[in-house]
Every structure is written in C-alpha cells, then in structure tokens.
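Let me begin by presenting the structure, written as structure tokens, before commenting on it.
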Amino acid sequence: MTQPTTPERRIFSGIKPTGRLTLGNHLGALRRFVDLQHEVRCLFSVVDLHALTVDHDPARLRALTREAATLYLAAGLDPSVCVLFRQGDVPLHAELSYLLECTAHVGELGRMIQYKEKGRDRPQTRVSLFTYPVLMAADILAYRATEVPVGDDQRQHVELARDLAARFNRTYGPVLVVPEMTPAPVAARVMDLQDPTRKMSKEGPDDALGAIRLLDPPDVVRRKVLRAVTDSGAHVRYDVQTQPGVANLLDILGGCTGENDLHALAERYSSYGSLKRDVADAVIALLTPLQKRYADLAANAGEVDAVLRRGAEQAIEIAAPTLTDAKRAMGLGG
Ligand code: TYM
C-alpha cells in the first residue's frame, strides 16, 4: 500500500501574494476554483509564506494578501461551501514542511525551474527559495488533497509533491495522499501580451502593459489588448509555434467565453483587429461583475477578516490529523 486507502476527493490550491492578480491567475486557477467548490470539498489559500522567499515590503505584502483574499470572494468563492484562509495563519504548513524536508533531496530541489531561474549561483538567494517546493508540497499534502487545480507553470511543483508523498509513504508507511494535478482545458498558460513567449506574471511592475490585472479598469484592459504584440502573418490561425501572440489572444478569448475549440474560433476572424476587439470585450465582460463585487467587499474589511479567521480554524482542524500521523510515523512523540 503506497497511500491511505480510498482517500476522499478533496482539493487544495493557492495563490501567492507577490503582485496584483492577473487574468492568468483567474483563467488558470481562480475561476476554476469557483466551479469546483460545488463539486468537491475545497480548500483555497492565499499562500503568504511563499511571498517571503524573495525581497518584499511587509506593508505591501499585507495589502496584497488582503486584496487576493478579497478577489477570491469577489470571483465567487463561497466561504459557506469551501475553506478560505491565509497560509500564515495555519502554523502546521511550516511544521509539515520541515518533516518533508527530511524526505526531500538536495538534487531534486536544485533541478526546480524556479530556483534555477531566480536563485541558483547567487549567494544572497534566500534558503526559503530553495525549499519553496517543499513548503508547497506541505500545503497540498497537509489536507490529503487528491486534486490540485493549477496553471501549467506549476506542473513541476505538483510532480515534486507527488514524489515526496510517495517516498514518505514508502519509507514510513501510508500516511500521505498522492495528489493529481488538474490543469485547465484552455488558457492553462496565459502569455504576456507584450512577449508571448513568457507567461503573464503578476510579479512585474504594476503598470506593465503585458499583464492584465483583475482590477484593471475597462479602458486599461482595452488598451493593453489592443496593443498586444501579434505576429507578421496575415491570417488568424491557432498556431502556438509560428503565431504565439495570436494563439495567446485566442486562448484568452476561449478561456473567457468557454469555447474550447480554438482552431474553430480562429476561423471566425479575418483580421487581428477584430480579434483584439472581441478579446477586449470578452475580458471586460468577465471582469466587470468581479470588480463590482470587489468594490462592495473592500468597503467591508471586517467581513473578509472574519472569513479568513474562520477558514484558518477549519483548515487547522482538517490538517491536524495528517501532521499527527506523519510525526508518529517518523518516530516523533511518545
Ligand atoms: P502563483 O501565485 O504564481 O499562481 C497562482 C495560480 O495561477 C496560475 N497561473 C497561471 N495560469 C495560467 N496562465 C498564467 N499566466 C498563470 N500565472 C499563474 C498558477 O499556475 C497557479 O495555479 N507556487 C504557486 C502557489 C502555491 C500553490 C500551493 C498552488 C503555493 N502552494 C499549493 C497550489 C497548491 C504559485 O506560485 O502560484
């Protein structure tokens, strides 16, 4: 037996408050959370501990954490159905992370793309950036999640969580559930509008033209989409290799409208201009109701705080048995 028998279907996912959330976060993750909460037991977290792995301003981190939590609610997450919490309010993520560090290997962490790109060979890199994927594994494994809905960029991290769970179980007995990654059918990797070979990221400057922020007003969204880099080809075709800019716009349009056949979608357009106009309209239509709800919620900060407090209590209750079992299996305690 490599994991506990017939685990209950359960979802965990998180967003790290290192910048203002983007359309990529919405299409790749947040919007899917909203649908999933009605199907299965879900826990969603603003994973603020992960934001400490790089230089940060404490006041901005606190503000971004609140903004992200408020956006969770504005997007339609219902705290009476799913659990919403701040990772930093639940101490056992860090505790389980330490136990998993005692299972993880330096070699596999050294191969993680994020560490290779942002930290390797720099003496000032925070140790926590190196161990980041272990904390992420702890986030998932603490709740015995069976599924992890994330964008495509998180694939390597979820793979590591799977490897660590399986290794832990082989070494110490069947304590952890080996989770599956569940990527979005379309828009699993929304690309930067100015450089469609890079993923759209929340980490750049707030006013970067390549990233649509969820709280961008409609005129800003329109300007960003109309100025998106397209390709020199004359036809609208869905071809990620030769026309990455146009393919990205089609991905976004499909993601916003629910149309999954992007080749068929491309055939409806004879010019880049008309495609861009429809993309701008679709994004604005998607974001307008969310922004209205955000404005209402932001005016009532106490309500968001109460949701997060209650969420942390629920999260602790769900995760505590995993931690107890993991410690006992490893030989800790009496
Ligand atoms: P983060 O904060 O970078 O992104 C949050 C979620 O948004 C998805 N995403 C995208 N999807 C499509 N296109 C994009 N351009 C795009 N950018 C981001 C991400 O895939 C993710 O689903 N390490 C994680 C946070 C994390 C986590 C976890 C996630 C920590 N612990 C446990 C799941 C489970 C991260 O940095 O995501």
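Heads up: the sequence shown begins at 2 in the numbering used here, then just goes up one per residue. We put the CB at the ideal spot given by N, CA and C, even for glycine.
**Report entry** Pairwise C-alpha distance: VAL178 and VAL107
**Finding:** 23 Å
Query - ARG163 to GLU181 span [Cα, whole Å] - result: 8 Å
Requested in this report: Using the Cα positions of ASP341 and LEU210, report the straight-line distance between them to the nearest angstrom.
Outcome: A question about residue 341 goes unanswered here, because the residues of the chain that appear run from 2 up to 335.
Query raised in the report: What are the complete alpha helix (DSSP H) segments, minimum 4 residues, inside the stretch 43 to 84?
Result: 59 to 76
Requested in this report: Give, in chain order, every unbroken run of the beta strand (DSSP E) that is at least 3 residues long and sits entirely within the stretch 145 to 231.
Outcome: 148 to 150, 181 to 183
Query raised in the report: What span of residues does the alpha helix (DSSP H) with GLY1 cover, start to end?
Result: Nothing about residue 1 can be reported from this structure: the residues present for the chain run from 2 to 335 only.
Report task. Within the same chain, show all residues whose beta-carbon is closer than 6 Å to that of ARG42, passing over the 5 residues directly before and after it, in chain order. Result -> ARG11
Query raised in the report: Would a check of beta-carbon distances place LYS328 closer than 8 Å to chain D?
Result: Within the model displayed, chain D is absent; a lone protein chain is all it includes.
Query raised in the report: On the three-state DSSP scale, how would you describe THR289?
Result: helix
Query raised in the report: Cα-Cα, which of ARG311, ARG224, ALA235 is closest to ILE285?
Result: ARG224
Query raised in the report: If you check the beta carbons only, do VAL151 and ASP326 fall under 8 Å apart?
Result: no
Query - Which of helix, strand or coil DSSP assigns to GLY15 - result: strand
**Report entry** THR23 in three-state terms, based on DSSP
**Finding:** strand
Requested in this report: Could you tell me whether any non-hydrogen atom of the ligand TYM is closer than 7 Å to the CB of GLN1?
Outcome: Lying outside 2 to 335, the shown extent of the chain, residue 1 is not represented and no answer is given.
Query raised in the report: Exposed or buried, HIS39, counting other C-beta atoms within 10 Å across all chains shown (16 or more means buried)?
Result: exposed
Query raised in the report: Does the stretch 218 to 236 come within contact of the stretch 167 to 174, defined as at least 3 CB pairs closer than 8 Å?
Result: no
Report task. Give the DSSP bridge partners of PHE86, in chain order. Result -> SER46
Query raised in the report: Based on Cα-Cα distance, which residue from VAL82, ARG87, ARG32 lies nearest to LEU291?
Result: ARG32
Query raised in the report: Quick one: is the Cβ of LYS119 within less than 7 Å of any heavy atom of the ligand TYM?
Result: no
Requested in this report: Would you mind sorting LEU72 into buried or exposed? The rule is 16 or more other CB atoms within 10 Å of its CB.
Outcome: buried
Query raised in the report: SER14: buried (16+ other C-beta within 10 angstroms of its C-beta) or exposed?
Result: buried
**Report entry** Cα-Cα separation, LEU62 to VAL47
**Finding:** 11 Å
Query raised in the report: Anyone know if the C-beta pair for GLU160 and THR132 falls short of 8 Å?
Result: no
Query raised in the report: Relative to the ligand TYM, is the shortest distance from any of its heavy atoms to the C-beta of LYS200 smaller than 7 Å?
Result: yes
Query raised in the report: Between THR104, LYS277, HIS51, which lies nearest to TYR173 when the distance is taken from Cα to Cα?
Result: THR104
Requested in this report: Would you give the residue range spanned by the alpha helix (DSSP H) that MET113 belongs to?
Outcome: Note, MET113: premise wrong, no alpha helix (DSSP H); not H, not E.
Report task. Tell me whether the beta-carbon of GLY256 lies closer than 8 Å to the beta-carbon of LEU28. Result -> yes
Query raised in the report: How is the alpha helix (DSSP H) around ASP240 delimited, first residue to last?
Result: No alpha helix (DSSP H) holds ASP240; DSSP gives it neither H nor E.
Report task. Whole angstroms is fine: what's the gap from ASP56's alpha carbon to HIS158's? Result -> 21 Å
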